[in-house]
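Numbering (the working numbering), first residue to last: 2 to 322.
Just so it is clear, CB atoms sit at the ideal spot from N, CA and C, and this is done for glycine as well.
For clarity, every value in this text was computed on a predicted model and none was experimentally measured.
Structure record follows, encoded as structure tokens.
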Amino acid sequence: MDQGGAAAPEMEVESLPLETRCPPFPLRQYNGFWIPEITLRRGVPAFHSRFTPRPSDIILASFPKSGTTWLKALAFATLNRAAHPPTSEDHPLCRTNPHDIVRFVEIDFAFSQSADLEALPSPRLLATHLPYSLLPERVRETCRVACVSREPKDALVSWWKFIKKAAPAFGGDAAAFTFQEAFDLSCDGRCPYGPQWRYAVEYWEASVRRPDKVLFLRYEEMLREPRGELKRLAEFMGCEFSVEEEERGVADAVVELCSLDRLKNMEVNRNGRGKGKLPVNNANFFRKGVAGDWSNHMSPEMAQRLDKIVEDALQGSGFSF
Ligand code: A3P
């Protein structure tokens, strides 16, 4: 696959560089990114050949552990606020984990070649972990894509914590996977969908080039200004909050409904499991939700090393985390 081309054929995947030290999936390096092998083998080709984009589709893109769950909840609650008022006790988010409401296209295709995305009513809200350059050209041309990005040290800590708990649900084992190992691999960009800096810069550049098609959000900014960032998201999705709604506190109610404390404490997210092919405990998606937790897991030397790698990689791009 080139920058906008077709998916890699089966034979080609075999010959791509392989990384097996990142539980739970083997990764293959493709087009500069380390992608789970199963996604590359099954999910990406089907996304390219079988997915029919609609102009009303909204795709939520994220590097793993950058705020995907939060963005899914916010986008769903905002887009569907007429049918499901955010103050309703019976809101779908009170009964269902955001990942079971907004599905990952390539993961659906990777595990079920008959993914029934065609049956979903418009406007469809879908998600992807794929880098911008690996999205089908037709998707980039047709759909709106909102990406959330996060500071790399925090995303790395969040990923390691998640994978330690969730690996068994993916059929893997991460019991012996140390933070030092995760750190060294990530410094080399060897983590799912890594390197993160390359991932972020692609979406950021696209958002600068085509602001009507690509929105770039930052997790830290969402923590600082949840209402302001939600309003940007709503406007981008074509369903901005009216003055009257603002006065009634609808945007605030969406922020409250989707807050970490609220979602984390819902029964479905405390004790439920994913309904898809990867039955992760929903609780694993909610942890601290703060900026700067990296300092509890990384020495200053480690932080400096990663910061330097990121800084060097981004030099001249105009982007910084
Ligand atoms: P931490 O592990 O740092 O706490 P993703 O959703 O992409 O998997 O990212 C997971 C991270 O987002 C976790 O970060 C998790 O706690 C945080 N998160 C999940 N839901 C959130 C919410 N509603 N608000 C803020 N952060 C949230």
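Contact set for residue i: own chain, Cβ-Cβ below 7 angstroms, skip 5 residues either direction
i: Leu279; result: Ala170, Phe171
i: Ala7; result: Any reading at Ala7 must be qualified, since the residue scores a pLDDT of 47, below 50, and its modelled position is unreliable; the value itself is stated next. Result list for Ala7: His49, in chain order.
i: Asp174; result: Pro24, Ala168
i: Ala235; result: Thr79, Glu241, Phe242
i: Gly33; result: Arg199
i: Ile36; result: Leu28, Arg29, Tyr194
i: Val63; result: The amino acid occupying residue 63 in the given sequence is Ser; Val does not appear at that position. Cβ within range, chain order: Thr69, Leu72, His130, Cys148, Val149.
i: Phe163; result: Lys66, Asn285
Span of the beta strand (DSSP E), counted from its first residue to its last, around residue i
i: Arg145; result: 145–150
i: Leu126; result: 126–129
i: Ala62; result: 59–63
Spatial neighbours of residue i in its chain, beta-carbon cut-off 8 angstroms, leaving aside the 5 residues before and after
i: Ser208; result: Cys148, Val215, Leu216, Phe217
i: Leu118; result: Phe52, Arg104, Val106, Asp109, Arg125, Leu127
i: Arg233; result: Leu216, Leu218
Where the alpha helix (DSSP H) through residue i begins and ends
i: Leu75; result: 69–80
i: Arg210; result: 197–210
i: Phe217; result: Element bounds for Phe217: not the alpha helix (DSSP H) but the beta strand (DSSP E), 215–219.
i: Asp1; result: Here the chain comprises residues numbered 2 to 322, so residue 1 is not present and cannot be evaluated.
i: Leu231; result: 227–238
i: Phe178; result: No alpha helix (DSSP H) holds Phe178; DSSP gives it neither H nor E.
i: Ala304; result: 301–315
i: Lys166; result: 153–167
i: Asp253; result: 251–258
Close-in-space but distant-in-sequence residues of the same chain around residue i (CB under 6 angstroms, 5 per side omitted)
i: Asp58; result: Arg125, Cys144
i: Ile310; result: Cys188
i: Ser318; result: Val202
i: Phe178; result: Pro24
i: Pro87; result: Ala78, Ala254, Val255, Leu258
i: Pro56; result: Thr143
Helix, strand or coil at residue i [DSSP, three-state]
i: Pro37; result: strand
i: Asn266; result: coil
i: Ser321; result: coil
i: Phe105; result: strand
i: Tyr31; result: strand
i: Arg274; result: strand
i: Glu245; result: helix
i: Glu20; result: strand
i: Asn98; result: coil
i: Arg51; result: helix
Proximity below 8 angstroms, CB of residue i to CB of residue j
i: Lys66; j: His100; result: no
i: Tyr133; j: Tyr220; result: no
i: Leu224; j: Val255; result: no
i: Ala76; j: Leu94; result: no
i: Gly290; j: Leu315; result: no
i: Arg82; j: Val251; result: yes
i: Leu186; j: Arg306; result: no
i: Arg43; j: Ala116; result: no
i: Ala176; j: Trp161; result: no
i: Pro54; j: Val146; result: no
i: Ala156; j: Gln181; result: no
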